[in-house]
Amino acid sequence: MFPDTYLSKKSFCEVAWNDAPESNTQDSSFFSKEHINASSPPEVEATFLLAFVILLHSADFYSAGQTGFFTKLGRLIKEKAKSDVEKIFSGFSKTRDNLAVIDELLLYWNLADTDRVLDELEEALLVSDFGPKITVKIVESLREDILAGKLKSGSEIKDALKKSVLDLLTKKGNKTELQLGFRKPAVIIVVGVNGGGKTTSLGKLAHRLKNEGVKVLMAAGDTFRAAASDQLEIWAERTGCEIVVAEGEKAKASSVLSQAVKRGKQEGYDVVLCDTSGRLHTNYSLMEELIACKKAVGKVIPGAPSEILQVLDGTTGLNMLPQAREFNDVVGITGLILTKLDGSARGGCVVSVVDELGIPVKFVGVGEGVEDLQPFDAEAFVDAIFS
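Residue numbers (the numbering used here): 275 to 661.
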């Protein structure tokens, strides 16, 4: 089943109440940490999330008999959300350190000192890889508002700075959530250059989807790198997902993906996650292979793939832009996964990518753990780098 918006209200009710304790909805053991840790991911993550949506959409569920059930449920959801935000906050610590000078500058700001302060603010943004175009746009906007008397204190300038960055991330209206649609299975193809963390990101994404109650099938479409299938098989075992691998040494990636999507369709999988070979955006023949992969899955399921996600190494900063442009021109990228941002002080590249390419960032890698692939939240990101 699909979580969240991919289920009907009836499905929410059926799943939530089938998994809830029958005799006593206020049974505290059902919500204990011991129960959560011991339970399978679909039982916990999906049940709690789906039941919470019932609470939001159906007031008649919130009767006296269910008060304890939903009170504890709401607390657990809130704690998990807080944990996710904290991961993002800690993941961007190096970028935040780069930008900490802004607080010092604005603390003693006065109107006569505006030019010097804005020059140093500009330097801080450039060092964090916001890029010249965006940096000038932000700084000049602040300068105009200061001189017009709209910003009269350091705190107001910082709030305006944060709002400017947030507007850049959200103005295009791009959806940062996975768009899986209603036709099963949804097909997600993951692409990128060598060494960007593509296969690892796919494994972490599988883990996240599996924990949300999604039935996931992996496809080992990286037929060039010798250890790629082995690496993905380890992730399949780790996440409890099935996997389709090449039947022979000379198998084509498009054939593997086609086979996987056919199996996904026949066996009722919700999502087929397709790995592909790492390739330089300048290698014409390998880029042509991606076109073949896209066509192959589209022959099995019209309209597939639902998503083509490009993995970009966050430590490369603005150097990732040419890669993204070329991949987008060839296969049409629908979303980005930015990895290794926890080890980089160049988090401003997130803003540059969204503003210049118009492609939404859907996930960010903020650590090496399996839980450290986080859905991108523009507001949480801005708070994390400008706290």
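Just so you know, even glycine gets a beta-carbon here, dropped at the ideal spot from N, CA and C.
Note that the coordinates shown come from a computational prediction; the quantities given were computed from them, not determined experimentally.
{"Query": "What residue does the beta strand (DSSP E) around ALA520 start on, and which one ends it?", "Result": "Careful: ALA520 lies outside any beta strand (DSSP E) and carries neither H nor E."}
{"Query": "Less than 7 Å between C-beta atoms, sequence neighbours within five positions excluded: which residues of the same chain meet that for VAL625?", "Result": "PHE404, ILE408, VAL439, LEU442 and LEU443"}
{"Query": "Alpha helix (DSSP H) containing PRO576: first to last residue?", "Result": "Careful: PRO576 lies outside any alpha helix (DSSP H) and carries neither H nor E."}
{"Query": "For LEU379, name the three-state secondary structure that DSSP assigns.", "Result": "helix"}
{"Query": "Please state the DSSP three-state secondary structure of PRO596.", "Result": "helix"}
{"Query": "Taking 7 Å as the limit between beta carbons, can you name the residues of its chain near ALA566, skipping five residues before and five after?", "Result": "SER528"}
{"Query": "Per DSSP, which residues does LEU647 bridge with? Please list them.", "Result": "GLY639"}
{"Query": "By the three-class DSSP mapping on this structure, what secondary structure does GLY495 have?", "Result": "strand"}
{"Query": "Buried or exposed, going by whether 16 or more other CB atoms sit within 10 Å of the CB of PHE456?", "Result": "exposed"}
{"Query": "Less than 8 Å separating the beta-carbons of ILE462 and VAL391?", "Result": "no"}
{"Query": "Is it buried or exposed for GLU653, if we count other Cβ within 10 angstroms and need 16 for buried?", "Result": "exposed"}
{"Query": "Answer with buried or exposed for LEU506, where buried requires no fewer than 16 other C-beta atoms within 10 angstroms of its C-beta.", "Result": "buried"}
{"Query": "Would ARG537 pass as a contact of LEU592 if the rule is Cβ separation under 8 Å?", "Result": "no"}
{"Query": "Using only the alpha-carbon positions, how far apart do SER313 and TYR543 sit?", "Result": "Low per-residue confidence applies at SER313: pLDDT is 41, beneath 50, and the placement is therefore not dependable enough to give any value."}
{"Query": "Using only the alpha-carbon positions, how far apart do ASP629 and SER503 sit?", "Result": "35 Å"}
{"Query": "Look at SER532 and VAL574 and say whether their C-beta atoms are less than 8 Å apart.", "Result": "yes"}
{"Query": "Compute the beta-carbon to beta-carbon distance between TRP383 and GLY428, rounded to the nearest angstrom, for a pair I have assumed lies under 8 Å.", "Result": "4 Å"}
{"Query": "Could you pull out every residue in the same chain whose Cβ sits closer than 8 Å to the Cβ of VAL518, ignoring the five residues on either side in sequence?", "Result": "LEU491, MET492, ALA493, ALA494, VAL530, GLN533, ALA534 and ARG537"}
{"Query": "Could you have a look at GLN584 and say whether DSSP puts it in helix, strand or coil?", "Result": "strand"}
{"Query": "What separation, rounded to the nearest whole angstrom, lies between the Cα atoms of LYS568 and LYS526?", "Result": "13 Å"}
{"Query": "Whole angstroms are fine: how far does the CA of GLU396 sit from the CA of VAL410?", "Result": "7 Å"}
{"Query": "Does the distance from the CB of LEU373 to the CB of PHE601 come in under 8 Å?", "Result": "no"}
{"Query": "Along the chain, which unbroken stretches of the alpha helix (DSSP H) at least 4 residues long are found entirely within the stretch 392-450?", "Result": "406-421 and 428-444"}
{"Query": "When DSSP builds the beta bridges, which residues end up paired with LEU615?", "Result": "According to DSSP, LEU615 bridges with nothing at all."}
{"Query": "List the endpoints of the continuous beta strand (DSSP E) containing VAL465.", "Result": "460-466"}
{"Query": "Any idea if ARG620 is buried or exposed, counting beta-carbon neighbours within 10 angstroms, 16 or more meaning buried?", "Result": "buried"}
{"Query": "Under a three-way DSSP split, which group does LEU476 fall into?", "Result": "helix"}
{"Query": "Within its chain, find whatever has a CB closer than 6 Å to the CB of ALA460; leave out the 5 residues flanking it on each side and keep chain order.", "Result": "LEU454, VAL545 and SER580"}
{"Query": "Give the DSSP-derived three-state secondary structure of GLY487 in the structure shown.", "Result": "coil"}
{"Query": "Can you look up ASP544 in the DSSP assignment and give me helix, strand or coil?", "Result": "coil"}
{"Query": "Between the alpha carbons of PHE655 and GLY522, how many angstroms are there, rounded?", "Result": "44 Å"}
{"Query": "Ordered along the chain, which non-local residues of its own chain (more than five positions away) have a Cβ less than 7 Å from that of ARG370?", "Result": "ALA658, ILE659 and SER661"}
{"Query": "Within this structure, are the beta carbons of THR613 and ASP587 separated by less than 8 Å?", "Result": "yes"}
{"Query": "Excluding sequence positions up to five away, which residues of its chain have a Cβ less than 7 Å from the Cβ of LYS484?", "Result": "PRO315, VAL490, THR513, GLY514 and CYS515"}
{"Query": "Can you look up GLY538 in the DSSP assignment and give me helix, strand or coil?", "Result": "helix"}
{"Query": "Taking only the alpha-carbon atoms, compute the straight-line gap between LYS446 and ILE412 and give it to the nearest angstrom.", "Result": "17 Å"}
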